[in-house]
Amino acid sequence: MTTNEHTTLVLGGTGRVGRRVTKKLIDRGVNVRVGSRAGKPPFDWEDPSTWADAVTGVQSAYLMYYPEVEWPGAGDAIGAVAKLAVDAGVRRLVLLSARNQEEAVRCEDAVTSLPVEWTIVAPASFNQNFDEGVFLEPLRQGVLALPAGDNSDPYVDANDIADVAVAALTEDGHVGERYELTGPRLWTFAEGVEEIARATGRSLRYQPITREQFADAIVADGAPRDFAEPLATLISEFFDGRNSSLADGVERALGRKPRDFADWVAEVAPTGVWDAA
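If you use UniProt numbering, the sequence shown corresponds to residues 1 to 277, in order.
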């Protein structure tokens, strides 16, 4: 579908998955418009007046919602942007969704109900939460405390997610598909932290806590209460066991196995990102 005369909008193009999607598209010779506050034109989820200009003049778009598609109100916002995009002539939409989350389903319905070529990409928790996201600083301090209990999750590499998104944006054969993306095996947080401890030689541990304790800790670190409490709810629900299963989306989309969390940890550990704070 894509040529060097074709422009693709990447919302969240500076984020964990988005910047990888952007790079991989550019490597394929695709013209990319980065959808961010600093983009040209700018795109800001908190400023609907920026939405129309961002989707005008592009032929395909990668949609992601900040902070997460599970966030309250995400479905309405994704639906509004997706409709603007289709009305502006965008022919293909790829949505970064999530597994087994009510608000994410609303986002998916908003996209799949439109007269457009669509693909849904619904990943498990990212490996990169541990070295680029909210888990990093606690690991540097030595204790990762989360309202996630002892449930397992099949962590998936953001590069695998980006590869699937890019394939859906640039190739035939992915229209109308919903890909659930996971790694090749399940990990509890205790096991994941132990793997990082083994690779780094540090003494690290996982501590399960309540969502109330997590929200209080986030507020104590300076976050507003109206951000901390939805985040605590999101984490506790995402890791309540509903996602403790493997899926074959990476293999269906790309024809290869997903990357294992342990292999990813072994590559990242020598960078020193998990050294003590």
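The C-beta atom is built at its ideal place from N, Cα and C for all residues, glycine as well.
Predicted, not measured: the structure shown is a model, and the values here were computed from it.
Secondary structure note for LEU93: its beta strand (DSSP E) is the uninterrupted segment 92 to 96. The criterion of a C-beta distance shorter than 8 angstroms is not satisfied by ALA88 and THR119. VAL121 is classed as buried because its beta carbon has at least 16 other beta carbons within 10 Å across all chains shown. Burial is judged here by how many other beta carbons sit within 10 angstroms of a residue's own beta carbon; ARG205 has fewer than 16 and is exposed. One thing to note: VAL156 has its Cβ within 8 angstroms of the Cβ of PHE126.
For GLU237, the secondary structure class from DSSP, reduced to helix, strand or coil, is helix. The segment 200 to 217 makes contact with the segment 232 to 243: 3 or more CB pairs, one atom from each, lie closer than 8 angstroms. Ranking ILE26, ALA80, ASP160 and ARG16 by CA distance to the CA of ASP47 puts ALA80 first. Linking ASP240 to PHE189 through their CA atoms gives a straight-line distance of about 12 angstroms. Under DSSP, the beta-bridge partners assigned to PHE126 are VAL156. Cα atoms of SER236 and LEU146: separation of roughly 8 angstroms, rounded to the nearest angstrom. Here the segment 148 to 162 lies against the segment 12 to 31, with 3 or more beta-carbon pairs under 8 angstroms apart.
Judged by DSSP in its simplified three-state form, GLY29 adopts coil rather than helix or strand.
For GLU180, the pairing in a beta bridge is given by DSSP as ALA122.
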